[in-house]
Amino acid sequence: MSKVFEYLEREERTIGKVIGIRFYPIVVDRASGSKVWDVEGREYIDFSSQWAVTNLGHNNLEVIEAVKKQLERLVFSSHTTFPNTVGIELAERLVEITPGDFKKKVWFGLTGSDANEFIYKIMPIYSNRRRLLGFQGSYHGQTMGALSLSGHKALTRFIGFPNTIKAPYPYCYRCPFKQQYPECGLLCLDFIENNVIDNAPPEDLSAVIVEPIQSDGGVVVPPTEFIPNLYKICKDRGISFVVDEVKVGFGRTGRFFAVEHSNIAPDVISMAKPMASGFPLSAVVGRDEIMDSALAAHLFTSSAHPVSCAASLATINIILRDKILEKASRIGEYILKRLNEIHGEHRLIGDIRGRGMILGVELVKDHRSKTPAAFETACLVFRAYELGLLTTYVGTYSNVIEITPPLTIGVEDVEKALEIFEKALDDVEKDRVDKEKVKKFSGW
Ligand SMILES: Cc1ncc(COP(=O)(O)O)c(C=O)c1O
């Protein structure tokens with residue numbers, strides 16, 4: 059038996075299935091830059107960044123150096139009671155780099171879900187309004203409050219907490235109102251304003267939480283006017299505007315925060331995944347009055363972990379110093395252009411979309427009916443893995459390949475990855491993939 063399967067067998071005996079979304083058999087041993095090696099030394103190009111976490115590449119040496127220094131100085135103090143220097147320094151930095159000239163403060167956690175749990179728990183306390191509005195297709199996390207705000211089927215299958223309302227997200231390729239953008243005049247927004255929010259009722263609506271790009275929902279990029287107009291609707295009614303930047307923040311879209319493309323300053327931003335280059339850390343940055351609205355109401359022993367905070371400070375410095383935002387825009391545009399070039403040659407490709415270095419390729423059985431090609435998507439991701447490329451798929455219909463490479467990936471790896479991607483797609487279309495092997499992996 060190969061080492062990979064030996065480990066996977068051990069995993070199956072010891073680690074509960076509740077933890078996994080699996081697309082192919084891999085056990086990671088080491089990684090560097092945009093490369094990952096499995097326990098047998100097989101090399102892969104990582105076009106996933108481990109669910110958009112390793113934005114600066116795996117094992118970024120400067121981040122490791124900052125972490126080593128921190129480890130020697132202070133591994134742990136519980137920020138709840140014994141504040142540490144790096145936590146405070148990072149909070150100052152986050153206040154500086156987030157949009158909005160108003161006074162802000164920071165809360166720290168460990169993963170995206172706990173940051174969005176903050177939203178569910180604290181926003182109603184702050185506003186003295188009980189309800190929250192989220193979006194169909196959204197993914198805000200697996201804890202009870204975060205999942206209650208979410209509209210992705212991975213989360214709506216649970217019975218969540220009450221007082222959340224879900225509105226349709228502008229998924230133009232599959233418009234819920236069967237309209238065509240821009241002729242539609244954003245009918246969806248009109249519906250959200252006049253039917254959803256104004257019936258909520260608005261005076262009991264505490265906050266709207268929205269992903270600037272719905273990532274797990276299928277890399278859905280809303281029309282340019284959507285976010286600013288939604289913001290205005292909220293402001294007119296005293297509703298707080300919250301954006302979830304857990305996946306798209308920290309440079310992925312070519313701006314530090316994706317919401318900056320919309321030129322608005324949200325009242326609250328949640329962030330996590332890439333913010334500490336792989337060390338567990340999340341944060342919520344929001345208006346002073348929100349962040350101070352409840353005493354000791356959302357705290358974890360390991361919040362503002364000094365090692366993660368040191369990694370995050372280094373991450374921010376590198377992003378800004380090395381012009382990573384410009385790089386993400388440039389490489390992202392290049393990948394998009396290359397994908398668009400092959401669009402017409404592949405019957406399975408229904409839509410290609412994205413911004414910066416979060417790109418989605420939606421597969422359909424035929425272009426007229428747009429029937430989702432979910433199994434073909436699973437086959438493509440599997441075949442790409444066999445050929446040495448790591449990708450994942452997302453989407454309400456499990457039919458969107460998500461492309462989120464490290465923002466630091468080199469041209470050579472991009473070319474090789476795209477070559478593999480096209481070969482894998484070709485193999486799926488020509489029925490050259492072992493379907494029985496694919497069926498062993500449930501995906502999501
Ligand atoms: C937009 C968004 N918010 C929140 C989360 C939850 O983050 P975590 O898995 O770190 O708890 C995710 C995870 O994929 C996400 O994509």
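FYI, in our numbering the residues of the sequence shown are 59 to 502.
Positions of the beta carbon are idealized from the N, C-alpha and C atoms, including for glycine.
These numbers were taken from a predicted model, which means no experiment stands behind them.
Nearest-angstrom Cα separation, counted from residue j out to residue i
i: C437; j: V496; result: 6 Å
i: K385; j: G276; result: 24 Å
i: E444; j: V452; result: 19 Å
i: E399; j: V472; result: 15 Å
i: L406; j: V268; result: 30 Å
i: F504; j: F499; result: Coverage of the chain is limited to positions 59 through 502, which leaves residue 504 absent and any answer about it impossible.
i: L114; j: T466; result: 6 Å
i: R68; j: R100; result: 20 Å
i: S328; j: I122; result: 25 Å
i: G402; j: Y231; result: 17 Å
i: E241; j: P228; result: 14 Å
i: I73; j: W95; result: 22 Å
i: N174; j: H198; result: 6 Å
i: E150; j: P332; result: 18 Å
i: L66; j: N257; result: 51 Å
i: G408; j: T454; result: 15 Å
i: L148; j: S427; result: 49 Å
i: N117; j: S90; result: 5 Å
i: G243; j: S360; result: 47 Å
i: D262; j: N186; result: 8 Å
i: P430; j: I410; result: 14 Å
i: E470; j: E480; result: 16 Å
Nearest neighbour of residue i, chosen from the options [CA to CA]
i: C246; options: A225, F433, P260, L397; result: A225
i: Q128; options: A323, A372, V277; result: A372
i: L448; options: V76, V62, I84; result: I84
i: Y184; options: G344, F216, T72; result: G344
i: N287; options: H137, I250, L263; result: I250
i: G195; options: P280, G170, K236; result: P280
i: W171; options: D294, K305, V266; result: Sequence check: residue 171 is Ser here, not Trp. Nearest C-alpha to S171: K305.
i: I177; options: Y197, V326, K493, T72; result: V326
i: P141; options: A362, I377, L152; result: A362
i: V419; options: D274, M181, L207; result: D274
i: D492; options: L263, H425, F433; result: F433
i: T450; options: A89, G78, E123; result: G78
i: L476; options: M333, R71, Y102; result: Y102
i: A352; options: T72, V317, M181; result: M181
i: N271; options: V317, R426, S90; result: Sequence inspection shows Ile at residue 271; the Asn mentioned does not correspond to that position. Nearest C-alpha to I271: V317.
i: R188; options: I459, H319, I223; result: I223
i: E120; options: D294, R379, I146, K395; result: R379
i: H319; options: K236, L383, E261, S90; result: L383
i: S136; options: L168, V153, F160; result: L168
i: H567; options: F235, H425, G336, L263; result: The structure shown has nothing for residue 567, since the chain only spans 59 to 502.
i: S264; options: V278, K293, Y239; result: K293
i: G346; options: E70, V153, S92; result: First, the residue type needs correcting, since residue 346 is Asp and not Gly in the sequence shown. Checked all of E70, V153, S92; the closest Cα to D346 is V153.
i: K456; options: A110, Q200, K211; result: According to the sequence provided, residue 456 is Ser. The question's Lys does not apply to it. The option with the nearest alpha carbon to S456 is K211.
i: G468; options: R71, I389, V278, K488; result: I389
i: D159; options: Q238, C233, R396, N321; result: N321
C-beta contact flag for residue i and residue j at 8 Å
i: P364; j: V133; result: yes
i: I393; j: L417; result: yes
i: G209; j: F193; result: yes
i: S107; j: T435; result: no
i: I348; j: I291; result: no
i: A104; j: P464; result: Note on identity: in this sequence residue 104 is Asp, with Ala being the wrong assignment. The answer is yes: Cβ separation under 8 Å.
i: A323; j: P220; result: no
i: F16; j: F440; result: Because residue 16 is not part of the residues shown, which for the chain are 59 to 502, the question remains open.
i: L191; j: V266; result: yes
i: S370; j: A334; result: yes
i: A368; j: V125; result: yes
i: K163; j: D350; result: yes
i: K179; j: G203; result: yes
i: T98; j: K75; result: According to the sequence as given, residue 98 is Glu; it is not Thr. Their beta carbons are not under 8 Å apart, which means E98 does not touch K75 by this criterion.
i: I478; j: G501; result: no
i: S387; j: G412; result: no
i: I155; j: F314; result: yes
i: P260; j: I297; result: yes
i: T112; j: G336; result: yes
i: F216; j: L207; result: no
Chain B contact for residue i (CB, 8 Å cutoff)
i: D248; result: Among the chains of the structure shown, chain B does not appear; only one protein chain is present.
Any chance the stretch 304 to 319 sits against the stretch 470 to 485, with 3 or more Cβ pairs inside 8 Å? No, the stretch 304 to 319 does not touch the stretch 470 to 485.
Only counting runs of 4 or more residues, tell me where the alpha helix (DSSP H) segments fall wholly within the stretch 375 to 444, in order along the chain. The qualifying runs are 382 to 401, 432 to 444.
Taking the runs of the alpha helix (DSSP H) that are 4 residues or longer, which of them lie wholly in the stretch 90 to 141? Correct list: 107 to 110, 119 to 131.
Which parts of the stretch 208 to 288 are runs of the alpha helix (DSSP H), unbroken and 4 residues or longer, counting only runs that do not cross its ends? Runs of alpha helix (DSSP H) with 4 or more residues, each lying fully within the stretch 208 to 288, are found at 211 to 214, 245 to 249, listed in chain order.
Can you give, in chain order, each stretch of the beta strand (DSSP E) that sits fully within the stretch 276 to 362 and has at least 3 residues? Segments of the beta strand (DSSP E) lying fully in the stretch 276 to 362: 298 to 302, 326 to 329, 340 to 345.
Going along the chain, which unbroken runs of the alpha helix (DSSP H) with 4 or more residues stay wholly within the stretch 131 to 209? Within the stretch 131 to 209, the complete alpha helix (DSSP H) runs of at least 4 residues are 143 to 155, 170 to 185, 202 to 207.
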